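Trainee:
Numbering (our numbering), first residue to last: 3 to 101.
1. Mapping the DSSP letters down to three states, classify residue 46 as helix, strand or coil.
2. Looking at residue 84 and residue 63, is the spacing between their C-beta atoms short of 8 Å?
3. Can you list, in chain order, the residues of its chain whose CB lies under 6 Å from that of residue 43, leaving out five sequence neighbours each side?
4. Could you check what DSSP says for residue 25 in three-state terms: helix, strand or coil?
5. Does the beta-carbon distance from residue 37 to residue 99 come in below 8 Å?
6. Would you list the residues sitting across from residue 63 in a DSSP beta bridge?
7. So residue 104 and residue 67 are supposed to be a Cβ contact under 8 Å. How far apart are they, rounded?
8. Among residues of its own chain, excluding the 5 on either side of residue 30, which ones have a beta-carbon nearer than 7 Å to its beta-carbon?
9. Quick one: is residue 70 buried, meaning 16 or more other Cβ sit within 10 Å of its Cβ, or exposed?
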């Protein structure tokens, strides 16, 4: 258990560092607040926002949507728009949190 906590803390430190240069996309208010408590900046809550407008970013985007049916649906829509608009995206943190 302690090992898992240490791994999450390390992941949050990495995310904090990378979020200085990138936007972090999350699904809801609770997700945004949780990341902000770790000092992570540039967090954008997707809830209620038209996803097509979010695919026009010029900087790298870190995608941290939930690993559930709704999160996977949002992810597919975002990736389609990002690829079409050649937006650089990062799924590394989402993959690591799934483990």
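Glycine included, every Cβ here is placed at the ideal spot set by N, Cα and C.
Just so we're clear, the structure is a prediction, and the values are computed from it rather than from any experiment.
Mentor: For this structure:
1. As a first step, residue 46 must be located in the chain shown, where it is residue number 44. In this structure, residue 46 counts as strand in the three-state DSSP scheme.
2. Numbered from 1 along the chain shown, position 61 holds the residue referred to as residue 63. Numbered from 1 along the chain shown, position 82 holds the residue referred to as residue 84. Cβ distance < 8 Å, so residue 63 and residue 84 count as in contact.
3. Here residue 43 is taken as the residue at index 41 of the chain shown, counted from 1. Closer than 6 Å at the Cβ level, and outside the excluded window around residue 43, lie 21.
4. Here residue 25 corresponds to residue number 23 of the chain shown, with the count starting at 1. Residue 25 falls in the strand class under three-state DSSP.
5. Locating residue 37 in the chain shown gives position 35, counting from the first residue. Locating residue 99 in the chain shown gives position 97, counting from the first residue. Contact: no.
6. Counted from its first residue, the chain shown places residue 63 at position 61. For residue 63, which the question treats as bridged, DSSP gives the partners 25 and 91.
7. As shown, the chain starts at 3 and ends at 101. That puts residue 104 outside it, with no answer to give.
8. One-based indexing of the chain shown puts residue 30 at position 28. Taken in chain order, the residues that qualify are 47 and 49.
9. Residue numbering aside, residue 70 sits at position 68 when the chain shown is read from its first letter. The residue in question, residue 70, is exposed, as its Cβ has fewer than 16 Cβ neighbours within 10 Å.
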